[in-house]
Structure formats: structure tokens, C-alpha cells
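For the sequence shown, the UniProt record's numbering assigns the number 1 to the initial residue and increments by one for each residue that follows.
Ideal Cβ placement from N, Cα and C applies to all residues, glycine included.
Every value quoted in this text rests on a predicted model; they were computed, and no experiment measured them.
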Amino acid sequence: MNQVIQPFDSAKFNFTKVNPEEVIFAFEEAQNDSEKYFDNVPHAVAYSPSAILINVSPIGYCHVLLIPRIQDCLSQRVDKESFLLAMYVAREARNPFFRVGYNSLGGFATINHLHFQAYYLKVQLQYPVEKAPMEKLTTVGNGVSIIQLVDYPVSGFVFEGGACLEDLSDVVSKVCIFMQENNRPFNVLISESGKRVSLLPQSGSSVAIWC
Numbered sequence: 001m002n003q004v005i006q007p008f009d010s011a012k013f014n015f016t017k018v019n020p021e022e023v024i025f026a027f028e029e030a031q032n033d034s035e036k037y038f039d040n041v042p043h044a045v046a047y048s049p050s051a052i053l054i055n056v057s058p059i060g061y062c063h064v065l066l067i068p069r070i071q072d073c074l075s076q077r078v079d080k081e082s083f084l085l086a087m088y089v090a091r092e093a094r095n096p097f098f099r100v101g102y103n104s105l106g107g108f109a110t111i112n113h114l115h116f117q118a119y120y121l122k123v124q125l126q127y128p129v130e131k132a133p134m135e136k137l138t139t140v141g142n143g144v145s146i147i148q149l150v151d152y153p154v155s156g157f158v159f160e161g162g163a164c165l166e167d168l169s170d171v172v173s174k175v176c177i178f179m180q181e182n183n184r185p186f187n188v189l190i191s192e193s194g195k196r197v198s199l200l201p202q203s204g205s206s207v208a209i210w211c
């Protein structure tokens, strides 16, 4: 794929076409702070909830797919709302070995229907990018640190901090949107229950043009 942003094509495979047995559960934001669970979706629930699906080609333990607003048939491109949803999922898992990932088109995503990957790593196992030497570049927003990987085979950045998870999510989603709009493929890894985000551009990028 030579374009990071492409229109959704309903004629091609998408996640509305999966076997219903592959749907683990669907969910939506509550109108208040209360939580409700249903064995079957009631009529009051929005027509297009987000969904967690089985990954039929797993690469890790409990490998699933997160599909924001599945029936809206969103193309594979990050927006502020969808990225915040992925951050919430990482946080609510409440497990230090849980990871949420995203691949753009041109960055190994093969299905043009918005989705994130999620799975557990083995105990005490980390990806190489999580152990790479780093150098802090700047602080933006409400205390969000932007850190550059050093002595690593590919360019990459790490985002940490902020007054709250929403602050961190807002900064990273803006960078993702910038990358998409400039046709630059990228990969994202959310770790530490949403407290740390690694972003790997598929081509050289400078933090100066994001801020």
C-alpha cells in the first residue's frame, strides 16, 4: 500500500463480516459512572458499539482485536477518540504485561478497517524497543515528555507523563494524525497500562515538526 489514508471499501474484507462466534464482547461508554453487563445487546445500546474480537492469527497469548465503533466502518486511521479508547483499554486491563498496538496502512496493517491489536507478553518479557537507550528531547502539553530512541536500528520516540492519561493520549494522537496526513507509515505500542507509548515511524521524522 502506497497511501497511509485510504477510503473504506465495503467490498473488501472487514470486521463486520467476521463469524459472530469471533466476537468476545461489545461495549460502549456509559451515560454515567455505573457499569452494566448484558448477555444480549439491549435495544438501548448504540447501533455501533466497539468490539473485542478473537484474532484468528494470534502472535501472542490472548491476542485479540479492538475495533472502535465497528458498524461505522472506519478506515485504518487514528483519530483522537479511537486512540483514547485504546489507551483506556490498556489501562483497564490492569496488567503490566498487557500491550496494545497499532499498525498504519503501509506499516504492516493489511485490513483497512480501524483496529488495534492487544495481547499479553510473557512474564518479565519486553520488546527490544522497550529496553532501548533513550534521550529526552522536550516536554509538551501538561507535562508529556517526548523521548528519542538512541543507538537503535530504527528511529523511534517514546511518550510518557502528563497530568492524566487523556493528556498523554492527546499528544500521541496528534502525532499519529500528523504522520497520516503526511503519508508516513508508523507503528505504535502502548505499554505500562497506558503510561508509556512508543511510536516508530517507517521513515525519518523529526520531533520539531510535530510541536
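query = In whole angstroms, what is the alpha-carbon distance linking K136 and P96?
reply = 23 Å
ask   = To which residues does DSSP link N142 through a beta bridge?
value = Looking at the DSSP assignment, N142 forms no beta bridge with any residue, so it has no partner.
task = Return yes when the Cβ of V78 is within less than 9 Å of the Cβ of S193, no when it is not.
result = no
ask   = Distance, Cα to Cα, A118 vs K17?
value = 20 Å
key: Bounding residues of the alpha helix (DSSP H) (the contiguous stretch that carries residue 261)   = Limits of the chain in this structure are 1 at one end and 211 at the other, which puts residue 261 out of reach.
query = Three-state secondary structure (DSSP) at F25?
reply = strand
key: Own chain, CB closer than 7 Å to Y61, minus 5 neighbours either side, in chain order   = Y119 and Y120
task = Out of F98, D9 and L66, state which residue places its alpha-carbon closest to the alpha-carbon of F83.
result = L66
message = Determine whether the beta carbon atoms of L114 and G156 lie at a separation below 9 Å.
response = no
key: First and last residue of the uninterrupted alpha helix (DSSP H) at residue 212   = As shown, the chain starts at 1 and ends at 211. That puts residue 212 outside it, with no answer to give.
message = By the three-class DSSP mapping on this structure, what secondary structure does I70 have?
response = helix
query = With 16 other CB atoms within 10 Å as the buried threshold, where does I163 fall?
reply = Reading off the sequence shown, one finds Ala at residue 163, where the question assumed Ile. By the 10 Å Cβ count, A163 comes out exposed.
key: Among I147, N14 and V175, nearest to L74 - alpha-carbon criterion   = N14
key: As assigned by DSSP and simplified to three states, the class of P20   = helix
query = Under a three-way DSSP split, which group does S193 fall into?
reply = helix
Sub-9 Å separation of Q148 and V140 beta-carbons = no
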